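Reminder that position 106 of the sequence shown reads as 148 in the working numbering, one-by-one numbering, no gaps.
Note that the Cβ used here is the ideal one computed from N, Cα and C, for glycine as well.
On a predicted model such as this, the values are computed, not experimentally measured, just so you know.
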Amino acid sequence: MIEYISEHSQNAVSRELLKRLAEPPSGRVQLLLGPRQVGKTTVLLGLMDPIPNAIYRAMDSPEAALAGWWEATWREVTHRAGSETVIVVLDEIQYLDGCGARRPGCILW
């Protein structure tokens, strides 16, 4: 029963996010919040697969600690944007320097 509820919830989240992605870009930030280990990253990675202009970055990755990583990420966004919309998914945003670890389970995109 728990697997069904989890799958149902993930499908509902996926449908809502797909609906929002189909809307004209609003310049707004979307937050996906939830407890740890419920599949937020899995849902987002699955949604990003068919989107050609999607960029995923995990703030808790070893690369994120490297000097210049953040700047390089935004250079890539700017380069790929041109006249196209770019979807940027920032996972584990609470690990972003200056954000603090006060919001576990948060994805900003």
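Tyr137 is positioned such that its CB atom lies closer than 7 Å to that of Met101.
Across the set Arg99, Pro66 and His121, the C-alpha of Arg99 shows the shortest separation from the C-alpha of Leu132. Taken atom to atom, the span from the alpha-carbon of Trp111 to that of Thr120 is near 14 Å. The C-alpha of Asn53 lies about 24 Å from the C-alpha of Thr127. In this chain, the beta strand (DSSP E) harbouring Leu75 covers Leu73 to Leu75. DSSP links Arg70 through a beta bridge to no other residue. Residue range Lys82 to Met90 is occupied by the alpha helix (DSSP H) that includes Leu89.
Sixteen is the threshold: when 16 or more other Cβ atoms of the shown chains lie within 10 Å of the Cβ of Lys82, as they do, the residue is buried.
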